[in-house]
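Trainee: Residue numbers (our numbering), protein chains in the order written: chain A, 7 to 148; chain W, 117 to 296.
Pasting a structure below so you can have a look.
This is the structure:
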């Protein structure tokens with residue numbers, strides 16, 4: 007699993023698509039979403055929108071659902087060497103604390119979800135205005 | 117002479133947990149007393165929950181908690197001998213100082229004096245929030261805050277033996293080397 011993180015409108019998706027080099031992919035934006043038969047590449051995006059829709063629930067519960075989703079995607083990926091999963095995360099963590107409670111909730115939950123994604127990923131890349139920086143690679147894990 | 121480490125990261129990036137683990141490792145190595153220097157004071161339920169969450173994370177270890185929301189130099193005399201300190205966090209402390217109307221010169225002096233005194237005899241892990249990766253405000257309290265926190269972060273990175281940027285739980289070493 008490859009986790010790509012960066013600020014909004016920083017060119018994350020564009021960078022990922024360049025890396026995928028025309029390989030078709032299925033886009034998922036909801037944990038548990040059905041993976042189509044024959045698909046080899048999954049791109050998970052817009053996690054923050056899903057989190058915001060769960061505003062009002064216990065934050066630990068929402069994080070747990072995400073952890074289970076990451077585990078599900080990794081299990082699927084391990085089922086065939088041709089499969090790959092890319093999670094694109096939009097970082098919201100580096101600004102002044104927002105006044106709106108919903109936004110603080112999303113920011114908190116998103117931060118924890120990103121920590122788990124980075125922990126489980128074998129590769130983590132940060133994209134900053136189109137430029138990629140490798141934060142964690144397979145080699146470092148050995 | 118102790119070492120100073122600063123870790124700066126976004127909210128929920130795992131910076132406090134990292135600093136605590138590092139401090140614990142350091143204490144196992146050299147002995148001494150673990151100190152959690154808390155700048156946060158709970159003024160509402162949400163803040164209370166945030167503080168309790170961090171307290172739960174520390175409950176299996178022997179931490180002495182010192183609450184020092186303002187007046188950092190005032191914490192020096194309360195520190196035990198040979199302390200390994202996690203100061204959490206710069207951003208909250210700065211908010212507290214500005215809220216009570218402290219002058220910029222005093223604020224900069226306090227933090228600088230605190231670090232210089234503490235590092236003579238203790239290891240210090242400083243935790244701070246990255247809050248500048250968004251458009252800066254044009255005027256008012258937040259504008260002054262952003263300008264000051266940027267200046268303080270630059271000073272802290274300069275003073276520290278190690279500077280770490282935390283991204284989604286990954287510690288990225290920006291200055292110095294890992295001790296372990």
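Note that CB positions come from ideal geometry on N, CA and C, so glycine has one too.
By the criterion of Cβ-Cβ separation under 9 Å, what are the contact partners of residue 130 of chain A in chain W?
Mentor: 283, 284, 286
Trainee: Excluding the 5 residues flanking residue 134 of chain A on each side, which residues of the same chain have their C-beta closer than 7 Å to its C-beta?
Mentor: Same-chain partners within the cutoff: 12, 16.
Trainee: Just list the residues that DSSP pairs residue 155 of chain W with in beta bridges.
Mentor: DSSP lists no beta-bridge partner residue for residue 155 of chain W.
Trainee: At the 9 Å Cβ level, is residue 155 of chain W part of the contact set with chain A, yes or no?
Mentor: Chain A contact via Cβ: absent.
Trainee: For a contact meaning CB atoms closer than 9 Å, what does residue 137 of chain A contact in chain W?
Mentor: In chain order: nothing, as chain W lies at least about 15 Å away.
Trainee: Name, in chain order, the residues that DSSP records as bridge partners for residue 92 of chain A.
Mentor: A:8, A:49
Trainee: Between which two residues does the alpha helix (DSSP H) holding residue 35 of chain A run?
Mentor: Here residue 35 of chain A belongs to no alpha helix (DSSP H), and DSSP marks it neither H nor E.
Trainee: Closer than 9 Å, Cβ to Cβ, to anything on chain A: give me those residues from the stretch 253 to 283 of chain W, in chain order.
Mentor: 253, 258, 261, 262, 283
Trainee: Got a sec: is the Cβ-Cβ distance from residue 11 of chain A to anything in chain W below 9 Å?
Mentor: Closer than 9 Å: yes.
Trainee: Bridge partners of residue 239 of chain W, per DSSP?
Mentor: W:200
Trainee: Give me the chain A residues within the contact set of residue 246 of chain W, using Cβ-Cβ distance strictly less than 9 Å, ordered along the chain.
Mentor: 99, 100, 101
Trainee: CA-CA distance, residue 169 of chain W and residue 64 of chain A?
Mentor: For residue 169 of chain W and residue 64 of chain A, the distance between alpha carbons rounds to 14 Å.
Trainee: Against chain A, does residue 129 of chain W count as a neighbour if the rule is that its beta carbon must be under 9 Å from one of theirs?
Mentor: yes
Trainee: Which word fits residue 245 of chain W, buried or exposed, when buried means at least 16 other C-beta atoms lie within 10 angstroms of its C-beta?
Mentor: buried
Trainee: Considering only their Cβ atoms, is the gap separating residue 285 of chain W from residue 124 of chain A smaller than 9 Å?
Mentor: yes
Trainee: Would you call the CB atoms of residue 225 of chain W and residue 124 of chain W closer than 9 Å?
Mentor: Inclusion of residue 225 of chain W and residue 124 of chain W in the CB contact set at 9 Å is not warranted, their separation being larger than that value.
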